[in-house]
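Have a look at the structure below before the remarks.
Residue numbers (the working numbering), protein chains in the order written: chain A, 1 to 277; chain B, 1 to 223.
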């Protein structure tokens with residue numbers, strides 16, 4: 001267990017070079033703290049519980065970068081990791097551990113491990129990370145649903161816009177279509193030509209949209225990652241999203257094109273030409 | 001002589017703001033193969049309406065039109081469209097070429113609809129563009145052509161499927177005098193080569209070149 005590190009949100013940290021010869025404990029501090037205080041590996045400081053108790057000399061044994069966690073993105077406090085025994089002694093409560101994270105070896109089934117520990121370690125409640133994430137991510141689920149709602153509204157609004165645009169674009173070519181019908185081009189050919197044109201426009205628009213989304217996503221991530229000094233991903237563009245967006249764009253474009261083309265080709269050529277009512 | 005176009009007792013009435021307007025009143029016209037007919041008359045005399053009926057673009061309220069014996073009124077829309085493709089060539093006042101296509105592609109368009117093989121239609125388009133004097137402009141788009149050149153491409157397009165008759169609606173109306181003369185010279189040549197032409201026009205020069213002049217007034221043929 002000595003090798004196991006526990007999280008703690010304690011901590012008073014004060015440089016204390018005079019304790020170099022006392023019994024020192026090894027601690028790990030996070031990168032942010034190292035940068036803010038100018039600490040480096042090998043530096044010595046004193047640590048104490050915020051509830052009082054003895055001070056202990058501690059040497060910085062490692063500087064760590066904690067895994068990015070969206071739940072702590074706005075935190076101000078710094079994180080220091082202790083060996084579990086040192087932490088228990090420092091807090092003066094050797095039998096008390098509020099939380100501990102257990103890292104399993106690759107290939108170990110979390111449920112089997114949990115069942116085993118449940119049987120042998122009395123007084124602990126064990127949770128898998130997935131269950132923990134689900135129970136502690138209500139806010140993110142709400143935000144996620146909110147984003148989904150915005151996305152659906154955006155897609156619907158875009159579809160209506162696309163439809164109007166396609167109707168206008170096709171309608172502006174009434175005389176061209178009339179001329180094609182005059183010279184003997186069938187309704188079917190005109191319809192297919194307009195549909196293909198709509199498909200090409202939708203496909204090109206989709207590619208441009210995905211490109212803009214990728215650039216915007218990269219910019220958003222770069223900005224917030226720098227702002228919060230984190231590796232968290234704020235805007236995620238997956239292949240599934242790309243494929244879904246491209247297919248949706250194509251279907252909507254073809255649908256809008258088909259509707260616009262049908263409105264046009266069902267009219268007699270002279271009505272399109274503007275010479276008959 | 002073969003009668004290419006036979007129109008009998010054509011009447012065309014339009015509903016206009018609750019009342020009925022008669023655009024054509026009992027017009028009959030026969031055009032023989034190889035004839036060059038000019039239809040002239042003031043605005044509102046019904047000459048353009050007559051042309052739309054002769055070309056199967058509209059149906060008469062009464063009377064009949066037949067192209068090479070095929071009555072247009074009896075044909076469903078699809079067959080009428082096919083007849084326009086195969087037997088009638090149209091030339092418009094404002095050319096109406098497709099701007100995204102080159103001159104050659106515009107000429108190929110009716111042939112593509114006919115199902116002509118790509119090589120054959122390319123060769124035919126080249127031949128027609130050479131005929132109208134635009135062999136070196138085949139790769140140009142309409143925006144890169146002058147008005148006269150566009151009209152010549154439109155004429156080549158109208159001839160693509162070797163139509164029985166060429167109908168032209170004010171073909172020189174958008175052109176300056178010199179360019180108009182070029183187009184009329186082209187029509188003269190088409191006529192000399194045996195093409196049957198019906199031209200609706202205000203242009204008095206056409207009347208001196210046509211083999212027959214039909215004058216219209218108030219929906220009737222007066223001369």
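The beta carbon of each residue, even a glycine, is placed where N, CA and C say it ideally should be.
What are the start and end residues of the beta strand (DSSP E) that includes residue i?
i	result
residue 49 of chain A	Per DSSP, residue 49 of chain A belongs to no beta strand (DSSP E) and is neither H nor E.
residue 57 of chain A	56 to 64
residue 26 of chain A	25 to 30
residue 32 of chain B	19 to 32
residue 195 of chain B	Careful: residue 195 of chain B lies outside any beta strand (DSSP E) and carries neither H nor E.
residue 88 of chain B	88 to 91
residue 36 of chain B	36 to 40
Would you give the residue range spanned by the alpha helix (DSSP H) that residue i belongs to?
i	result
residue 216 of chain B	Not the alpha helix (DSSP H): residue 216 of chain B falls in the beta strand (DSSP E), residues 212 to 217.
residue 169 of chain B	First-last for residue 169 of chain B: 165 to 169, but that is the beta strand (DSSP E), not the alpha helix (DSSP H).
residue 175 of chain A	174 to 182
residue 240 of chain A	239 to 265
residue 227 of chain A	187 to 227
residue 117 of chain A	110 to 120
residue 147 of chain A	138 to 171
residue 151 of chain B	147 to 158
residue 127 of chain B	118 to 131
residue 125 of chain A	Neither: residue 125 of chain A is in no alpha helix (DSSP H) and is coded neither H nor E.
residue 49 of chain B	47 to 54
residue 272 of chain A	269 to 273
residue 161 of chain B	Premise fails: residue 161 of chain B is in no alpha helix (DSSP H) and is neither H nor E.
residue 104 of chain B	103 to 114
What residues from chain B crowd round residue i, counting only those whose CB sits closer than 9 Å?
i	result
residue 168 of chain A	None at all; the shortest Cβ gap to chain B is about 18 Å.
residue 181 of chain A	57, 81, 84
residue 106 of chain A	Those within 9 Å of residue 106 of chain A in chain B number zero; the least Cβ separation is about 60 Å.
Which same chain residues, not among the five before or five after residue i, have their C-beta less than 6 Å away from its C-beta?
i	result
residue 100 of chain B	none
residue 104 of chain B	125, 138
residue 66 of chain B	6
residue 276 of chain A	At residue 276 of chain A, the pLDDT of 47 sits below 50, so the modelled position is not reliable; the number obtained from the coordinates is stated separately. Answer for residue 276 of chain A: 270, listed in chain order.
residue 55 of chain B	88, 167
residue 23 of chain A	none
residue 157 of chain B	106, 107
residue 34 of chain A	63
residue 62 of chain B	11
Under 8 Å Cβ-Cβ, which residues of chain B neighbour residue i?
i	result
residue 189 of chain A	113
residue 176 of chain A	96, 98
residue 269 of chain A	57
Residues of chain A with CB closer than 7 Å to the CB of residue i, please, in chain order.
i	result
residue 90 of chain B	182, 183
residue 196 of chain B	Within 7 Å Cβ-Cβ: nothing; residue 196 of chain B doesn't reach chain A, min ~17 Å.
residue 207 of chain B	In chain order: nothing, as chain A lies at least about 24 Å away.
Ignore the nearest five residues each way along the sequence and tell me which others in residue i's own chain have a CB closer than 8 Å to its CB.
i	result
residue 9 of chain A	Summary for residue 9 of chain A: the model assigns pLDDT 37, below 50, so the residue's position carries little reliability, and this model does not support an answer.
residue 211 of chain B	35, 36, 37, 191
residue 45 of chain B	216, 217, 218, 219
residue 74 of chain A	228
residue 209 of chain A	245, 249
residue 190 of chain A	177, 180, 181, 261, 264, 265
residue 2 of chain A	Below a pLDDT of 50, predicted positions are generally treated as unreliable, and residue 2 of chain A, at 34, falls in that range; the measurement from the model is reported next regardless. Same-chain partners within the cutoff: 83, 84, 85.
residue 197 of chain A	257
residue 129 of chain B	103, 104, 107, 135, 137, 138, 153, 156
residue 68 of chain A	230, 231, 232
By Cβ distance, which residues of its chain are closer than 7 Å to residue i, with the 5 residues on each side in sequence left out?
i	result
residue 159 of chain A	252
residue 97 of chain B	106, 142, 150, 153, 154
residue 102 of chain B	138, 139, 140, 141
residue 237 of chain A	213, 214, 217
residue 1 of chain B	32, 33
residue 66 of chain A	30, 79
Taking Cβ-Cβ distances shorter than 8 Å, what residues in chain A pair up with residue i?
i	result
residue 142 of chain B	Under the 8 Å cutoff, chain A gives no residues; its nearest Cβ is about 11 Å from residue 142 of chain B.
residue 110 of chain B	183, 184, 185
residue 201 of chain B	Correct list: empty, because the minimum Cβ distance to chain A is about 17 Å.
Look up residue i in the DSSP assignment and give the residues it is bridged to.
i	result
residue 77 of chain B	Partner(s): none; residue 77 of chain B has no beta bridge.
residue 11 of chain B	B/62
residue 70 of chain B	B/67
residue 220 of chain B	B/217
residue 6 of chain B	B/30, B/66
residue 190 of chain B	Residue 190 of chain B is not bridged to any residue.
residue 201 of chain B	B/40
residue 16 of chain B	B/19
residue 44 of chain A	A/59
Under 9 Å between beta-carbons, which chain A residues line up against residue i? List them in chain order, please.
i	result
residue 76 of chain B	What residue 76 of chain B touches in chain A: nothing, since even the nearest Cβ is about 12 Å away.
How about residue i: is its Cβ closer than 7 Å to a heavy atom in the ligand SAH?
i	result
residue 193 of chain B	This structure does not include the ligand SAH; it has no bound ligands of any sort.
So does the region 98 to 114 of chain A actually touch the region 52 to 67 of chain A, counting three or more Cβ pairs closer than 8 Å? no
Can we say the region 235 to 243 of chain A touches the region 146 to 159 of chain A, given the rule of at least three CB pairs closer than 8 Å? no
Could you say if the region 104 to 120 of chain A and the region 85 to 94 of chain A meet the contact criterion of at least three C-beta pairs nearer than 8 Å? no
Taking one C-beta from the region 175 to 189 of chain A and one from the region 85 to 95 of chain B each time, how about it: are there three or more such pairs within less than 8 Å? yes
Sufficient close CB pairs (3 or more, under 8 Å) joining the region 172 to 190 of chain B to the region 15 to 22 of chain B: no
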